[in-house]
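K.L.:
Chains as they are written, first to last, in this note's numbering: chain A, 1 to 359; chain B, 1001 to 1359.
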């Protein structure tokens, strides 16, 4: 790495620095001293260029996305839409950077590793395209827990239902849910879809929502775009990315992805079958020893993770661990992970840390 | 049936007539002319006795629960807490009535049939205790759809995650969720559990909630009470009641029950394995022919049921039907059913209709 060789720390770029995930990347960089970065470069659309953001006590000016913006960069962390990543991550690589990309553009590319550092960190060293991909936030929310159990007990099957937060659709999703909740609150608005829609329209909200139905007082069993045979893109990502991260190309997976009126933190109800027998006690011990997992599962009282209880936290929270009564070698459990942190910015940053450590 | 034999219609009693489910029973009785009831008797706690409610155009005075209140009653529909049902349903039977009970008191009693008329209606005729039980609302929400598929394809396994509405905890649950939503709306309240709790406390709400955690801006993976090995009562009901209704004592079931910030209508993500191969097309045809099911599943665009879209409706709505990609003979689908109607009052009333037809 050029700058590192010159004696100072490596140069890092955040592409999409002014977005919801980019902002959390900066927060994490401020909180973690693990890597003594040399230069920190903030890159965004020309519209945001020129604005200033303080990182590690120093004011930085945001620069516009351009080929030259990557000159001298060792690691470029991308959080931009798929099409922008597809175009610009290779440009960053051409200019000498390793691109760590949080879009969907490269995740299933066989020449791009899909990495969760505590699960398959070593995969980041094999990157023929110079690009390392960060998984989808829903998959990521359960991956630390599943990786841990897979290592010990051998994962065979997954049946997963998600309870996904509005911020999975970006700041637009957060703003929409807040506005919808404000529109129905304090008015004893009727609970039928028509009443909710009417209240939303009366409050001046546009019909153009990031969700396919009202989300206030509702859940929406549709995340992402329509794919073949009735599946959504999000459900197929859970299947295909889990297989790739765990190195299990034949893992059996069924997922149903549902948006819920929560602002941040995805939750998943997981039904996981293993090759070997696994007891609740063994699973608890395994989670207790994992630095990136918090076990919240008091068997003597109702204690469990909830998204509101987990938002802002770095670890994945696991609870409600039960031995399936009628399925051998199978556990049921509930997982909550902040979709903007471990689900996006934090894992991307941890990949960057891994790359620096390995260099 | 005494009154019927005397020439007029049978006498029906609603026990718990002033409660959330009792009120829906009266609504249904007003809307459906199917049974020409003779006398309609409204029974409630002494506190509510003396109040008046109009049923089928006639003003009725609510009478207090007492042994004499059941004299001359042919069918007594109960929606009261378990302990009251346990005490009073046998009293109603002693006085000559058939008790149709919507509490948990008798559901797993081998001498009490647990009935969903379109699935196992004939079971209502074998009732050695004179009591017929109505299933738990979560189980009921998926039972019409599962009963239908089981009849044709033979159900073997169920993995279910619920998205349960606040009104599953009665009017108290509805009031609590409304108050919590009002407390967090319009204020850009932070999304962490502490912030939400603080806003709830600041709004003067008691700490004594029917839910085990804040429900606004959250989901709560805990419904009912704690049972052995980390399971909740609600999760075991889904398993045990499904087995009993479908007559499949060895059916393999895993359920995770989660409360969501929805007022009314339970939703379930269902992963169901069958004995015989079943295609999405076969399942769709099967649902289309079922009078108590609405298929909402346009394969060419995002169309699907949501709780807000289903509340107030009598049928169960089914959508998102997909052939599991990695599990043979298995379908994934999403079901929404109004937990106060088909999940409670409507099914209880339909059992009463079945009893009248069979008499």
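All C-beta atoms in this analysis are idealised placements derived from N, C-alpha and C, irrespective of residue type, glycine included. Only a predicted model underlies this, so the values are computations on that prediction, with no experimental measurement involved.
1) Any residues in the stretch 276 to 304 of chain A with a beta carbon nearer than 8 angstroms to a beta carbon of chain B? Which ones, in chain order?
2) Can you find a CB in chain B that lies within less than 8 angstroms of the CB of residue 220(A)?
3) So the candidates are 1051(B), 1314(B) and 1052(B); which of them puts its Cα closest to the Cα of residue 1293(B)?
4) Contact between the stretch 128 to 136 of chain A and the stretch 343 to 353 of chain A is defined here as three or more beta-carbon pairs at a separation below 8 angstroms; is this criterion met?
5) For the stretch 175 to 188 of chain A, list every residue whose C-beta sits within 8 angstroms of some C-beta in chain B, in sequence order.
6) Please report the distance separating the alpha-carbon of residue 62(A) from that of residue 77(A).
7) For residue 1105(B), which residues of its own chain have a beta-carbon under 6 angstroms away from its beta-carbon, when the five flanking residues on both sides are left out?
8) Is residue 1278(B) near residue 1217(B), with beta carbons less than 8 angstroms apart?
9) Would residue 1357(B) be called buried (16 or more neighbouring beta carbons within 10 Å of its own) or exposed?
10) Candidates 35(A), 55(A) and 39(A): which alpha carbon is nearest residue 23(A)'s?
11) Would residue 236(A) pass as a contact of residue 242(A) if the rule is Cβ separation under 8 angstroms?
12) Pairing CB atoms from the stretch 1280 to 1298 of chain B with CB atoms from the stretch 1155 to 1164 of chain B, are three or more of them under 8 angstroms?
13) Would you call the stretch 211 to 229 of chain A and the stretch 110 to 125 of chain A touching, i.e. three or more CB-CB distances under 8 angstroms?
14) Can you list, in chain order, the residues of its chain whose CB lies under 7 angstroms from that of residue 200(A), leaving out five sequence neighbours each side?
15) Span of the alpha helix (DSSP H) holding residue 137(A)?
16) Should residue 1265(B) be labelled buried (16 or more other beta-carbon atoms within 10 Å of its own) or exposed?
17) Are there 16 or more other CB atoms within 10 angstroms of the CB of residue 1016(B), so buried, or fewer, so exposed?
18) Round the Cβ separation of residue 64(A) and residue 170(A) to the nearest angstrom and send it over; I've been treating them as touching at under 8 angstroms.
19) I need the straight-line Cα distance from residue 1115(B) to residue 1191(B), nearest angstrom please.
20) Establish whether the CB of residue 306(A) and some CB of chain B are separated by less than 8 angstroms.
21) Would DSSP call residue 281(A) helix, strand or coil?
22) Within its chain, find whatever has a CB closer than 6 angstroms to the CB of residue 1267(B); leave out the 5 residues flanking it on each side and keep chain order.
23) Counting only beta-carbon separations shorter than 8 angstroms, does residue 171(A) have a partner in chain B?
24) Would you list, in sequence order, the uninterrupted beta strand (DSSP E) runs of no fewer than 3 residues that lie entirely inside the stretch 1152 to 1179 of chain B?
25) Which residue spans inside the stretch 1007 to 1084 of chain B form an unbroken beta strand (DSSP E) run of at least 3?
26) Quick check on DSSP: helix, strand or coil for residue 1354(B)?
27) Assign residue 114(A) to one of three DSSP states: helix, strand, or coil.
28) Between which two residues does the alpha helix (DSSP H) containing residue 201(A) stretch?
29) Where does residue 346(A) sit, in a helix, a strand or coil, going by DSSP?
30) At a Cβ cut of 8 angstroms, what residues of the stretch 15 to 37 of chain A count as close to chain B, listed as they run along the chain?
31) Which of the three DSSP states is assigned to residue 1209(B) in this structure?
32) Between the C-alpha atoms of residue 1187(B) and residue 193(A), what's the straight-line distance to the nearest angstrom?
33) Could you compute how far the alpha carbon of residue 248(A) sits from the alpha carbon of residue 1027(B)?
34) At a Cβ threshold of 8 angstroms, is residue 1213(B) touching chain A?
35) Would residue 1256(B) pass as a contact of residue 239(A) if the rule is Cβ separation under 8 angstroms?
36) So the beta strand (DSSP E) residue 325(A) belongs to, where does it begin and stop?
P.N.:
On the basis of the coordinates in this document:
1) So the list reads 280, 297, 299, 301, 302 and 304, given in the order they occur along the chain.
2) Start at 1 with the first residue of the first chain, and residue 220(A) comes out as number 220. Closer than 8 angstroms to some Cβ of chain B, the Cβ of residue 220(A) qualifies, so yes.
3) The residue you call residue 1293(B) lines up with position 293 of the second chain. For residue 1293(B), the nearest C-alpha among the options comes from 1314(B).
4) Yes, they touch.
5) Those would be 178, 181, 182, 184, 185, 186 and 188, in chain order.
6) One-based indexing of the first chain puts residue 62(A) at position 62. One-based indexing of the first chain puts residue 77(A) at position 77. Cα to Cα, residue 62(A) sits roughly 15 angstroms from residue 77(A).
7) Position 105 of the second chain, counting from 1, holds the residue named residue 1105(B). If we look at residue 1105(B) and ignore the five residues flanking it on each side, its Cβ neighbours are 1082, 1085 and 1086.
8) The residue given as residue 1278(B) occupies position 278 in the second chain. The residue given as residue 1217(B) occupies position 217 in the second chain. No, the pair does not count as a contact, with Cβ atoms beyond the cut-off.
9) On the second chain, position 357 is the one that residue 1357(B) refers to. It is exposed - the Cβ of residue 1357(B) has fewer than 16 other Cβ atoms within 10 Å.
10) Translated into positions along the first chain, residue 23(A) becomes position 23. Minimum Cα distance to residue 23(A) is reached at 55(A).
11) By 1-based counting over the first chain, the position of residue 236(A) is 236. By 1-based counting over the first chain, the position of residue 242(A) is 242. No, they are not a contact pair.
12) no
13) no
14) Sequence index remark: in the first chain, residue 200(A) carries index 200 (1-based). Excluding residues within five positions, the ones whose Cβ falls inside 7 angstroms are 180, 183 and 214.
15) In the first chain, the residue the question calls residue 137(A) occupies position 137. Unbroken alpha helix (DSSP H) run through residue 137(A): 137 to 153.
16) Here residue 1265(B) refers to the residue found at position 265 of the second chain. With 16 or more Cβ atoms within 10 Å of its Cβ, residue 1265(B) is classed as buried.
17) Within the second chain, residue 1016(B) is the residue found at index 16, counting from 1. Its Cβ being crowded by 16 or more others within 10 Å, residue 1016(B) is buried.
18) Counted from its first residue, the first chain places residue 64(A) at position 64. Counted from its first residue, the first chain places residue 170(A) at position 170. Not quite, the Cβ-Cβ distance comes to about 21 angstroms (not below 8 angstroms), so this is no contact.
19) As a working note, residue 1115(B) is residue 115 in the second chain. As a working note, residue 1191(B) is residue 191 in the second chain. Spanning the two alpha carbons is a distance of roughly 42 angstroms.
20) Taking the first chain and counting its residues from 1, one reaches residue 306(A) at position 306. Output row for residue 306(A): interface = yes.
21) Taking the first chain and counting its residues from 1, the one referred to as residue 281(A) is at position 281. Correct three-state label for residue 281(A): helix.
22) The sequence position of residue 1267(B) within the second chain is 267, counting from 1. Closer than 6 angstroms at Cβ, skipping near neighbours: 1163, 1307 and 1336.
23) Here the question's residue 171(A) lines up with position 171 in the first chain. No - not a single Cβ of chain B is within 8 angstroms of the one on residue 171(A).
24) 1155 to 1163
25) 1012 to 1015, 1040 to 1044, 1052 to 1055, 1058 to 1061 and 1075 to 1078
26) Here residue 1354(B) is taken as the residue at index 354 of the second chain, counted from 1. Helix at residue 1354(B).
27) The residue given as residue 114(A) occupies position 114 in the first chain. Strand.
28) Position 201 of the first chain, counted from the start, is the residue given in the question as residue 201(A). In this chain, the alpha helix (DSSP H) harbouring residue 201(A) covers 193 to 202.
29) To locate residue 346(A), count along the first chain from 1; it is residue 346. It is helical.
30) Within the stretch 15 to 37 of chain A, no residue has a Cβ lying closer than 8 angstroms to any Cβ of chain B.
31) Your numbering for residue 1209(B) matches position 209 in the second chain. Of the three classes helix, strand and coil, the one that applies to residue 1209(B) here is coil, per DSSP.
32) Residue mapping note: residue 1187(B) aligns to position 187 of the second chain, counting from 1. Residue mapping note: residue 193(A) aligns to position 193 of the first chain, counting from 1. Their Cα atoms are separated by approximately 24 angstroms.
33) Mapped onto the first chain, residue 248(A) falls at position 248. Mapped onto the second chain, residue 1027(B) falls at position 27. Here the alpha carbons of residue 1027(B) and residue 248(A) stand approximately 54 angstroms from one another.
34) Your numbering for residue 1213(B) matches position 213 in the second chain. Yes, residue 1213(B) counts as interfacial toward chain A.
35) For the purposes of this step, residue 1256(B) is taken as the residue at position 256 of the second chain. For the purposes of this step, residue 239(A) is taken as the residue at position 239 of the first chain. No, the pair does not count as a contact, with Cβ atoms beyond the cut-off.
36) Here residue 325(A) refers to the residue found at position 325 when the first chain is read from its first residue. Premise fails: residue 325(A) is in no beta strand (DSSP E) and is neither H nor E.
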